[in-house]
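First up is the structure itself, then whatever we jot down about it.
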Amino acid sequence: MAAYPRVSMGRPFQEKYADVYWEEDVDGRVLQAWKEGKTGYPIVDAAMRQCQTQGYMHNRARMIAAMFLTKHLMLDWRLGERHFMQNFIDGDLSSNNGGWQWCASTGTDAQPYFRIFNPYLQSEKADPNGDYIKHFVPELRHLKGKGSALFDPYNNLPEVAFKKLGYPKPMVEHKAARDRAIRRFKNVGEA
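Using this note's numbering, read the sequence shown as starting at 843 and increasing by one per residue.
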């Protein structure tokens, strides 16, 4: 950070991405839903609810939550960076900033912009038995076993069964969100 102090002042390390078009969340509802773990993506919601209750998340959960905010919701990475610093008991400026810029594809060793975590596949890899999700997302605790219904209840349960959960439907559709993020990073400055 000493060599590139701008990154501690809200600037991306890779200046070519300084003008990526981020969504305007005028009333703050989208950001608030992410903060409260009400995105409709169980692994993201479990991570954000752990943040609320414990002030901590494992690194994999941090990456999943951060990439969801920046690539699925297309909200500015600085909003998430600020939230984590305000809520994590292990908040560290350089680690937090580096992690957020990595996930947003704006950092020093950034994830290439076209790599976007699929929350459903991340659930299978990081929480194969669904224990993490079931612990932090009580609405889904009664779903038996592991797999599709737990990782993606909206698309894998009958409509009536899904509604009974009291769990939100996904805020965005994965493929559409992924395509939008790739388009915006490929064409910086364009919506």
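A virtual CB, placed ideally from N, CA and C, is assigned to each residue, including glycine.
Please name the residue in the options whose C-alpha comes closest to that of residue i.
| i | options | result |
| --- | --- | --- |
| N901 | F926, V868, V872, E866 | F926 |
| R920 | M899, I931, G949, Q896 | G949 |
| N998 | K880, P884, A860, A875 | P884 |
| H1016 | F959, V1002, T895, E1032 | F959 |
| C945 | A991, E923, G972, F993 | E923 |
| Y898 | G933, D969, V868 | G933 |
| I931 | G941, Q896, S990 | Q896 |
Quick one: what does DSSP say residue i is sitting in, helix, strand or coil?
| i | result |
| --- | --- |
| L982 | helix |
| W876 | helix |
| E865 | coil |
| E1032 | coil |
| S947 | coil |
| T912 | helix |
| I1024 | helix |
| E798 | Nothing in the structure corresponds to residue 798, since the chain is present only between 843 and 1033. |
| P995 | helix |
| A860 | coil |
| H900 | coil |
| R957 | coil |
| N971 | coil |
Check the C-beta distance from residue i over to residue j and give it rounded, since I have them as a contact under 8 Å.
| i | j | result |
| --- | --- | --- |
| C893 | N939 | Actually they do not touch by this definition, with Cβ atoms about 17 Å apart. |
| K913 | A1018 | Wrong, their Cβ atoms sit about 12 Å apart, outside the cutoff. |
| S936 | F1027 | Rounded, the Cβ-Cβ distance is 24 Å, inconsistent with contact. |
| K877 | V1030 | With a Cβ gap of about 27 Å, K877 and V1030 do not count as contacting. |
| F1004 | P961 | With a Cβ gap of about 17 Å, F1004 and P961 do not count as contacting. |
| A888 | F956 | Incorrect: roughly 26 Å between the Cβ atoms, too far for contact. |
On the criterion of 16 or more Cβ atoms from any shown chain inside 10 Å, does residue i qualify as buried, or is it exposed?
| i | result |
| --- | --- |
| Q964 | buried |
| A1023 | buried |
| R1025 | exposed |
| V868 | exposed |
Given 8 Å, three or more beta-carbon pairs between the stretch 964-983 and the stretch 1005-1012: The stretch 964-983 vs the stretch 1005-1012: in contact.
Three CB pairs or more closer than 8 Å across the stretch 863-874 and the stretch 901-910: no
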